[in-house]
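Working notes, beginning with the structure itself.
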């Protein structure tokens, strides 16, 4: 069998505060069975990437306090592949830690990086896209960011402006990254056809990403060089504890993407959602004839419409005469809130 | 110290289906801290009657399946004073069982009978009324039913039509019992001034009630005579099991009250509620400035009005934008229902 250089890095440090009380800082969204399929979002993420490489090539970067949850939910991933961040320092240090650590054992690694809390509906198409990107970066000094074809003029995401496709490939040069647009601009992007959502899924080989980080964020690179000496030794935890918090708090987009000239994108349409709000979750779930989306067994609705109900802990739920609400219960906390006011939830959760 | 012939019989066999999920057939209303004071309704009932006699003179008649809950909640009551009904046969057999059993040991007993799931606000006045009734029945061959002065033209209760008061007493002859009236009739009763609610609280001496039951429901009396042989012996449970279900299913009102010529009433005004509905519970509870009544710690309401929230099991509850609802959670069951539709709850609970 041919040697598999592919690796998958899963970023799983988020706290999911917009989904309280389903998601809490103690047990956030990526570890929850958000859609009621029997698997958490991180388990679904692993499943989606399994055609790419064996579980021993999966790496999870998470907060120290979630390490036990990761071990429990993903028993097939080696413990030494679970990287604990002493504190969140945004995506660049998180990704650098993973890529430097992989590099110490697998200098020829070809790497896909993904969030742990997004959802993909068409996993077959997802596999095709990721494999194409990995084939591309296996041979080229390139950074590929997956660009989601927009289905609506969304103002909540950054956009990627794609240029011409490379010869014989779906992969395009990136002309520019665009900040979250206003509604009018978002509509123009939709019309133009070559603007894509930045989903935070990246593909590159180990050599390219470490070189680009070294070029554009040299301080981060030298901290990683220092930490790297103790990777895979008894001293790793102590060293990471001592040095990680000194890393600049910076996103990979700002640290590398917007500066490098090796950036490509692969336009993709595989039914992606970042599950960023109860509203977006409701859109994805099956609904009854009255527009209600329910996760949880034993939910009965009477004269109720357009609600999202997420009550995995409850054995029996009866709702009468409710329209357009979020009803969520988990672990002794209950939320009843109008969907249109869900932006207030972050504040409620405090 | 003078011998205390007073006894209290608490009827605690109800299933409280109108208060699901706070109240369930496994753990009904009388055993719940309905008003959030730290005590269940049956504990409050005992407390209210404590000035009348010692705990050793309290008797609880309940369903077999609630015996353990009674023991746990009322540890001061002797186990032999807890009477288990093999099945509910309405109030006449329940009361007869208690009075025959008390009679075997205490033939001179003077007895107050009460439901376990009602609430009294003015316990001082309650004590005064009950003691007056007990003094009356200690000396007379009389049945006294407590008559609540109506505060509204309620159509959900039966009424007692009171005659003239006895000389030097507040206690009156009863002229008639009236079925639940229509609204117009209820208004007339209010105006007349001598119509009272039948609260199901009775006072009599042991000799009177057993004689009246023997006179008007002789079948029940002879079953009790038969059962009585084994009271306070090892055979009691077996005998009750064998005979209790043969008792006629009949209320004490129909079996005795409406037939006997020894019926009196004592008009009372001590802030009584039978807590027959979420609406009546809401009336009794303290409300915030937006008209919300909450039982449970950690409940936060935003832009919400006129709700009743009963969530003793939950540690944190946030409700946004809800008006006029019942929100109740207990033991893995959650109800959200408009207060105006609470009559549907019995059906939901199935």
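Protein chains in written order, with the working numbering: chain A, 1 to 350; chain B, 351 to 700.
Where a beta carbon is used, it is the ideal one built from N, C-alpha and C, also for glycine.
Everything numeric in this text was worked out from a predicted model, so none of it was measured.
Through-space distance from residue j to residue i, alpha-carbon basis
i, j, result
"residue 500(B)", "residue 545(B)", "8 Å"
"residue 585(B)", "residue 596(B)", "18 Å"
"residue 26(A)", "residue 272(A)", "26 Å"
"residue 480(B)", "residue 509(B)", "19 Å"
"residue 523(B)", "residue 547(B)", "15 Å"
"residue 398(B)", "residue 476(B)", "8 Å"
"residue 260(A)", "residue 83(A)", "26 Å"
"residue 371(B)", "residue 28(A)", "29 Å"
"residue 436(B)", "residue 418(B)", "14 Å"
"residue 504(B)", "residue 648(B)", "35 Å"
"residue 38(A)", "residue 32(A)", "9 Å"
"residue 41(A)", "residue 19(A)", "13 Å"
"residue 367(B)", "residue 572(B)", "33 Å"
"residue 442(B)", "residue 690(B)", "34 Å"
"residue 526(B)", "residue 438(B)", "27 Å"
"residue 678(B)", "residue 314(A)", "12 Å"
"residue 333(A)", "residue 416(B)", "29 Å"
"residue 70(A)", "residue 7(A)", "18 Å"
"residue 205(A)", "residue 310(A)", "40 Å"
"residue 238(A)", "residue 227(A)", "10 Å"
"residue 256(A)", "residue 676(B)", "53 Å"
"residue 266(A)", "residue 203(A)", "10 Å"
"residue 55(A)", "residue 4(A)", "12 Å"
"residue 76(A)", "residue 624(B)", "59 Å"
Cβ of residue i within 7 Å of any chain B Cβ
i, result
"residue 249(A)", "no"
"residue 53(A)", "no"
"residue 337(A)", "yes"
"residue 296(A)", "no"
"residue 156(A)", "no"
"residue 319(A)", "yes"
"residue 334(A)", "yes"
"residue 348(A)", "yes"
"residue 341(A)", "yes"
"residue 17(A)", "no"
"residue 1(A)", "Interpretation of residue 1(A) is limited by its pLDDT of 40, a score under 50 that renders its predicted location unreliable; the figure taken from the coordinates is listed afterwards. False, the Cβ-Cβ gap to chain B never drops below 7 Å."
Best match in the options for proximity to residue i [C-alpha to C-alpha]
i, options, result
"residue 322(A)", "334(A), 307(A), 313(A) and 333(A)", "307(A)"
"residue 30(A)", "119(A), 84(A) and 141(A)", "119(A)"
"residue 78(A)", "320(A), 296(A), 61(A) and 269(A)", "61(A)"
"residue 662(B)", "682(B), 550(B), 539(B) and 646(B)", "646(B)"
"residue 258(A)", "326(A), 161(A) and 171(A)", "161(A)"
"residue 655(B)", "566(B), 543(B), 674(B) and 476(B)", "674(B)"
"residue 402(B)", "471(B), 620(B) and 478(B)", "478(B)"
"residue 281(A)", "104(A), 342(A) and 55(A)", "342(A)"
"residue 13(A)", "36(A), 95(A), 55(A) and 75(A)", "95(A)"
"residue 651(B)", "283(A), 301(A), 337(A) and 300(A)", "337(A)"
"residue 374(B)", "680(B), 689(B), 581(B) and 525(B)", "680(B)"
"residue 278(A)", "345(A), 240(A), 164(A) and 104(A)", "345(A)"
"residue 169(A)", "74(A), 9(A), 134(A) and 43(A)", "134(A)"
"residue 613(B)", "494(B), 421(B) and 604(B)", "494(B)"
"residue 517(B)", "502(B), 486(B) and 528(B)", "486(B)"
"residue 667(B)", "224(A), 350(A) and 303(A)", "350(A)"
"residue 395(B)", "440(B), 564(B), 463(B) and 454(B)", "463(B)"
"residue 653(B)", "669(B), 624(B), 452(B) and 557(B)", "669(B)"
"residue 543(B)", "365(B), 460(B) and 514(B)", "514(B)"
"residue 214(A)", "100(A), 73(A) and 57(A)", "100(A)"
"residue 361(B)", "385(B), 492(B) and 431(B)", "431(B)"
"residue 187(A)", "208(A), 156(A), 57(A) and 229(A)", "156(A)"
"residue 618(B)", "549(B), 566(B), 562(B) and 561(B)", "549(B)"
Proximity test, Cβ basis, 7 Å: residue i and chain A
i, result
"residue 666(B)", "yes"
"residue 658(B)", "no"
"residue 674(B)", "no"
"residue 643(B)", "no"
"residue 680(B)", "no"
Proximity test, residue i beta-carbon vs the ligand FAD heavy atom, cut-off 6 Å
i, result
"residue 223(A)", "The ligand FAD is absent from the structure shown, which contains no ligands of any kind."
Practice item. Kindly provide the ranges of any beta strand (DSSP E) runs that are 3 or more residues long and lie completely inside the region 56-125 of chain A, ordered along the chain. Key: 58-63, 82-85 and 110-115
Exercise for review: Would you mind listing the alpha helix (DSSP H) stretches within the region 538-583 of chain B that are 4+ residues and don't spill past its ends, in chain order?
Suggested key: List check, alpha helix (DSSP H) in window: 556-566 and 568-578.
Exercise for review: Give a yes or no on contact between the region 523-533 of chain B and the region 625-643 of chain B, applying the rule of three or more CB pairs nearer than 8 Å.
Suggested key: no
Practice item. Write down every uninterrupted run of the alpha helix (DSSP H) in the region 576-626 of chain B whose length is 4 residues or greater and which is fully enclosed by it, in chain order. Key: 586-593
Point to revise | Whole beta strand (DSSP E) elements within the region 634-662 of chain B, 3-residue minimum | key: Secondary structure remark: continuous beta strand (DSSP E) runs of at least 3 residues inside the region 634-662 of chain B, in chain order: 643-645, 649-652 and 658-660.
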